[in-house]
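According to our numbering, the stretch in the sequence shown is residues 10 to 567, in order. Just so you know, even glycine gets a beta-carbon here, dropped at the ideal spot from N, CA and C.
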Amino acid sequence: MKKLLLLLAATLVFGTSCTMLGELALKAMTTKEKDLSKMAVIGLYNLNIYGEETGVTMGSGGKDYLTTGSNMVGLQFVKNEGIGVYALDGVVTVNGDTARSVTGGIYVVRYDPEDLSDKRVVVTSTSGQTAEFMLKAPSPIRITKVNGQTAEGAPIDLTRPLTIELDFPASATGKTVTVSLVAKAPMNASGFGIFYTTRLARTITIPPDAFRHKHFNGGSPSGGDLVKYVAGANHLKVDLVEESPVGNLAPFPYFKTIGTATDTHPVTVSGEPAGVAYWKIEAESPAPSGKFGIRGQGVNGYYSRPLGSGLRQAALGSFNINGVIYKKEVNTSTSTNTLAGTITTTTVTREFIFPQLDDQYWNAFMDSFYGDVRSLLQRRYGITMVDVDRVTAHPAYAELFVNQETNTDELIRKNYRNTQRLKPATLGEITGSATTAMVADNMPIARLVDGIGADALISMTLELQVGANDEGKIILNPVLRFAVDGPNQSGSRTITEWFSVQVYGAGVPFSREEFKDLAALNRILQKDALVLGLQTALDAVDAKHVETGATALWNSLR
């Protein structure tokens, strides 16, 4: 569901509309509001909007208003907290003209193609609140050739590279450009499926693997993409996107502007390869206890980036140990002696106890383990790690999820160097942190990544469960969870989870004499085997990125 919401919100700003299914969903997400302090606002200046000839429209609200080739200027109201969009109880004007509500919290005024003047937007609520801002037109863009051809209907074979030649002002060179084709999802929902985002140049060559990784997607149980490009007559679309930094504009708590210059070109599409929505891995790795199992999953190459695609710096966002070191089992059995006429009840109580250790043991283990992971990432990918203290000192870090520490004879919960949790763990945290995708770049994790200059965030959790092996000896069974989050291909500050893996298995017996050494946990928790298991997991992830074409896609963006 989260990805569907992201799709709806993301497509609104770029002018991609939804069929009746999308409109119904948007209506359910829209509430009327007069308090501007609850609203996030995105100022919109769209040039050369496309029309019905593409097979995609802005929905019933703008069908009779937004004409092909005209410009659209206004704004979109989004919930600053939670998921949804707002219909304003009030009036929006652009240069004195009353804006029209077209769909999904969007209010715009239509202008002729030649009108690229600055526009003054004024919001007036029935509550008496007002706000205003100026919008500047983005640089115009035009498609001049598709695969060397100027004629309409130029062929695009999705199994071969695509070359697009563009015309735009020299001042726009290096800005963000997205490329998309019309695609359809189940139940006939349609829109422009973005498959490539890069820096603007006169000629853009796109590898065929890019077509497998859509922004507009939906996954089958096997991970395949259910959204298909329209075969035959289609429209290629490029969008030059000029997005402002995130800020605020009283009384709005969040404000940004997005200028989008669009051009479309009729094309003929053939040869669609198998698309990717998500993938899974399974593997094994040797361990002192026998072997560790490995499993993992990740999303397609639009939302995720391979670690070996030129990343420079990553940051440890969280490293936590959560362990249950005491467990009590009570088993009751009943037997009946018919001849004697007796019933015997037997109760067997068994306790599984791992000794309570001073914090220094856990701190020493975490420091050693993190050092090994840091070395692995440096050796394997050339990734250096931002100093942990610099990460936790950033103001946005204080807004993450608290992992309360404890050290008792039953539980151990430790955080490495004041790191907390990046991800919600309870239903309340999940619902409380949910947000509409258009303001995801203002989430704490997004501001953190941007503020510390990292390419990605690493999170690790080691979960421990006391138990016994086949010989009845006490052990701690480990599960290492390792995840990587970072910006997606869009070029904005929106952060997504690229992939996550787990390394899990049985523990090994121990003796109390071992705890004379602070490094005792390295052996008891099988530290070296966990790091080897993580390396094996990364091998499998890298192989999956190559198999799905994500590596080739991201290498073309470097």
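- Residues of the same chain with a CB within less than 7 Å of the CB of residue 443, apart from the 5 flanking positions on each side, are 91 and 92 in chain order.
- As for any beta strand (DSSP E) of minimum length 3 sitting wholly inside the segment 418-452, the runs are 420-424, ordered along the chain.
- Closest option to residue 507, judged by alpha-carbon separation, among 524, 550, 520 and 198: 550.
- A direct Cα-to-Cα measurement between residue 53 and residue 319 gives close to 33 Å.
- Residue state for residue 528 is assigned as coil, using DSSP reduced to three classes.
- Comparing C-alpha distances from residue 329 to each of 469, 109 and 208 shows the shortest one belongs to 469.
- It is roughly 19 Å from the alpha-carbon of residue 155 to the alpha-carbon of residue 192.
- Here residue 510 is not near residue 538, since their CB atoms are 7 Å or more apart.
- A direct Cα-Cα distance of roughly 26 Å separates residue 153 from residue 119.
- About 7 Å separates the beta carbon of residue 557 from that of residue 310, a gap short enough to meet the 8 Å contact definition.
- Counting the other Cβ atoms within 10 Å of the Cβ of residue 81 gives 16 or more, which makes it buried.
- Excluding residues up to 5 positions away in sequence, 382, 385, 489, 491, 510 and 512 lie with their Cβ nearer than 8 Å to the Cβ of residue 543 in the same chain.
- About 7 Å separates the CB atoms of residue 232 and residue 285; that is less than 8 Å, so the two are in contact.
- Around the beta carbon of residue 387, fewer than 16 other beta carbons sit within 10 angstroms, so the residue counts as exposed.
- According to the DSSP assignment, residue 560 belongs to the alpha helix (DSSP H) that extends over 559-566.
- Pairing residue 312 with residue 497 gives a Cβ-Cβ distance under 7 Å.
- Residue pairing by DSSP puts residue 97 in a beta bridge opposite 42.
- Residue 195 sits in a helix when the DSSP states are folded into three classes.
- Here residue 211 is exposed: its Cβ has fewer than 16 other Cβ atoms, across all protein chains shown, within 10 Å.
- Using a Cβ distance threshold of 7 Å, residue 421 and residue 495 do not count as a contacting pair.
- Taking 7 Å as the cut-off, the beta carbon of residue 43 is found closer than this to the beta carbon of residue 134.
- Following the DSSP letters along the chain, one finds residue 380 inside the alpha helix (DSSP H) bounded by residues 368-390.
- When only Cα atoms are considered, residue 113 and residue 200 end up about 15 Å apart.
- Annotation for residue 176: 151 and 153 place their beta carbon closer than 6 Å to its own, counting only its chain and skipping 5 residues before and after.
- Three or more Cβ pairs closer than 8 Å define a contact, and the segment 435-451 falls short of that threshold against the segment 473-488.
- Restricted to the segment 162-233, the beta strand (DSSP E) segments that are unbroken, complete and at least 3 residues in length are 163-166, 171-176, 185-193, 199-208 and 212-215, listed in chain order.
- Residue 336 is positioned such that its CB atom lies closer than 7 Å to that of residue 361.
- In this structure, residue 178 and residue 559 do not form a Cβ contact; the two beta carbons are roughly 33 Å apart against a cut-off of 8 Å.
- Taking all protein chains shown into account, residue 196 has fewer than 16 neighbouring C-beta atoms within 10 Å of its C-beta and is therefore exposed.
- In the structure shown, the three-state DSSP call for residue 113 is coil.
- DSSP lists 305 and 491 as the beta-bridge partner residues of residue 510.
- The straight-line gap separating the alpha-carbon atoms of residue 273 and residue 111 is approximately 21 Å.
- In terms of Cβ geometry, residue 50 and residue 83 do not form a close pair [threshold 7 Å].
- Shown here, residue 502 sits in coil according to DSSP, grouped into three states, outside any helix or strand.
- Contact annotation, residue 324 with residue 394: C-beta distance approximately 7 Å; criterion of less than 8 Å satisfied.
- In this structure the segment 259-268 touches the segment 139-146; the number of beta carbon pairs closer than 8 Å is three or more.
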